[in-house]
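Below is one structure, written out as structure tokens, with a few remarks after it.
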Amino acid sequence: VFVCSGNSDATETWKNEENCGTTMYDNDDDNGTLELGNGEKYIGKPGMAPWIAKLGVVNIDTQEPFFHCEGSLISRQIVISSAHCGTANQVARLGENNIDENVDCKVSVCPPPPQDIKIRTQVPGNRYNKTNRYDILVIGLETPVEYNDFVRPICVPGAALP
131 VFVCSGNSDA TETWKNEENC GTTMYDNDDD NGTLELGNGE KYIGKPGMAP
181 WIAKLGVVNI DTQEPFFHCE GSLISRQIVI SSAHCGTANQ VARLGENNID
231 ENVDCKVSVC PPPPQDIKIR TQVPGNRYNK TNRYDILVIG LETPVEYNDF
281 VRPICVPGAA LP
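Using this note's numbering, you'd call the opening residue of the sequence shown number 131 and step up by one each time.
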């Protein structure tokens, strides 16, 4: 991943992966919303945001992860997040919609078990100074994630944003 600090002559550009930014609901009329009993729509079906990575640390006593922050998967081994999440993260969980439920089944959509991937490296923006400026964290995963309907990357804009 090439992260520009603002003063670079580099010509390398990021190439998004095929199917980035897509969900299994892209061709559905309801766009993946779940109808609640009172007529409200709940946007949160499994697979609605397959690029979300939950970031956490492992409890020494229970060996269970505690998730405190989130990021976005941009490739099989790279997650981007906010530097204020810290660099003590040990694990990224992908493919889980609701950490409060053992099985994320809504209606008839049941995803496979989430993927817990160890974090190999974490690089905050080189000008990050805890004032929420340059608040980016690039995370390298130890092993590649397996793409499926519930784990896919988000697209990274290719042009300068206004």
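Here a beta-carbon is modelled for each residue, glycine too, at the ideal position from N, C-alpha and C.
Since the structure is predicted, the reported quantities are computational estimates derived from the model, not experimental observations.
For residue i, does the three-state DSSP call read helix, strand or coil?
{"i": "Ala222", "result": "strand"}
{"i": "Glu276", "result": "coil"}
How is the beta strand (DSSP E) around residue i delimited, first residue to last?
{"i": "Cys199", "result": "195 to 205"}
{"i": "Arg250", "result": "245 to 254"}
{"i": "Ser211", "result": "208 to 211"}
{"i": "Val75", "result": "The structure shown has nothing for residue 75, since the chain only spans 131 to 292."}
{"i": "Val268", "result": "267 to 271"}
Going by CA-CA distance only, name the one from the options that's closest to residue i.
{"i": "Gln74", "options": "Arg223, Met178, Val253, Asn262", "result": "Residue 74 falls outside the range modelled here, since the chain spans only 131 to 292, and no answer is possible."}
{"i": "Arg282", "options": "Trp181, Lys175, Asp265, Lys145", "result": "Trp181"}
{"i": "Val97", "options": "Asn189, Asn262, Val221, Tyr264", "result": "For residue 97 there is no data in the structure shown, the boundaries of the chain being 131 and 292."}
{"i": "Glu194", "options": "Gly270, Glu148, Glu147, Lys248", "result": "Lys248"}
{"i": "Asp279", "options": "Ser211, Lys145, Ser212, Asn149", "result": "Asn149"}
{"i": "Ala213", "options": "Pro243, Asn262, Val188, Thr251", "result": "Asn262"}
{"i": "Pro119", "options": "Tyr277, Lys145, Phe197, Leu271", "result": "In the structure as shown, the chain begins at 131 and stops at 292. Residue 119 is therefore absent and cannot be evaluated."}
{"i": "Ile284", "options": "Ser211, Ala218, Lys175, Phe197", "result": "Ser211"}
Decide yes or no for the touch test of the stretch 143 to 155 against the stretch 255 to 266: beta carbon pairs closer than 8 Å, at least 3 of them.
-> No, the stretch 143 to 155 is not in contact with the stretch 255 to 266.
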